[in-house]
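Following the numbering used here, the numbering of the sequence shown begins with 294 at its first residue and continues without gaps.
All C-beta atoms in this analysis are idealised placements derived from N, C-alpha and C, irrespective of residue type, glycine included.
Encoded as structure tokens, the structure appears first; notes follow it.
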Amino acid sequence: MSVRNENTTVVIVGSGVAGLALGNFLLRSGIDCVVLERRSRQYVEQRQRAGVIDFRAARMFRQWGLADRVLGGVPVEPVLNFRIDGRTRPYTYLADDNGEGRFCPQQVLVHNLIDVFVSDGGDLRFEAEEVTPENITGLRPRVRYRDNAGVSRTINSETPRTSCRP
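Listed below in structure tokens is the structure:
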């Protein structure tokens with residue numbers, strides 16, 4: 294089991310919606326980052342999660358130029374119908390300023406965020422075990438983990454931090 298060292302600017306732990314959205318925003322801003330995920334890609338893309346993209350999230354993805362690639366589908370009426378005790382009960386959620394509410398199941402959103410991140414050159418590593426952030430409030434934070442081949446790896450901060458705030 295060898296140890297390999299490398300450098301990057303940001304390490305994101307977890308490939309959920311927040312980690313993948315952040316990774317995509319950093320990538321689009323020209324900031325190097327690595328996303329580490331404990332599970333396999335297949336598991337992450339198929340796990341069931343609850344969630345709806347509200348108008349603020351849809352607007353944010355549009356502002357970053359990612360809406361068409363990430364949200365998929367077409368704009369829909371901002372109403373979800375639930376059946377409770379045999380009765381349909383509509384739930385109206387807020388549409389954005391342009392009336393472009395979107396419904397995108399969270400596992401579809403995660404799948405699309407992965408596809409966009411990887412196709413745009415992002416560094417996403419699945420099956421990263423024993424992820425351990427170290428010295429996160431110091432001048433040279435780092436993350437240690439074991440990859441899917443059992444190799445221990447260390448990712449160091451590319452440049453020293455000028456502040457010790459986490």
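Endpoints, the alpha helix (DSSP H) within which residue i is located
| i | result |
| --- | --- |
| residue 334 | 334–339 |
| residue 362 | 360–363 |
Residue i: first and last residue of the uninterrupted beta strand (DSSP E) it sits in
| i | result |
| --- | --- |
| residue 449 | 445–450 |
| residue 407 | Segment 399–412 is the alpha helix (DSSP H) holding residue 407; no beta strand (DSSP E) there. |
| residue 417 | 416–418 |
| residue 305 | 303–306 |
| residue 435 | 435–439 |
| residue 425 | 422–427 |
Which residues DSSP lists as bridging residue i, in chain order
| i | result |
| --- | --- |
| residue 381 | 376 |
Per-residue DSSP class, three states only, for residue i
| i | result |
| --- | --- |
| residue 331 | coil |
| residue 321 | helix |
| residue 355 | helix |
| residue 349 | helix |
The segment 428–438 contacting the segment 343–362, beta-carbon criterion three pairs below 8 Å: no
Could you tell me whether the segment 405–421 touches the segment 308–318, using the rule of 3 or more Cβ pairs below 8 Å? yes
For the segment 436–449 against the segment 350–361, are there 3 or more C-beta pairs whose distance is under 8 Å? no
contact_flag[the segment 314–333, the segment 408–425] where n(CB pairs < 8 Å) is 3 or more: yes
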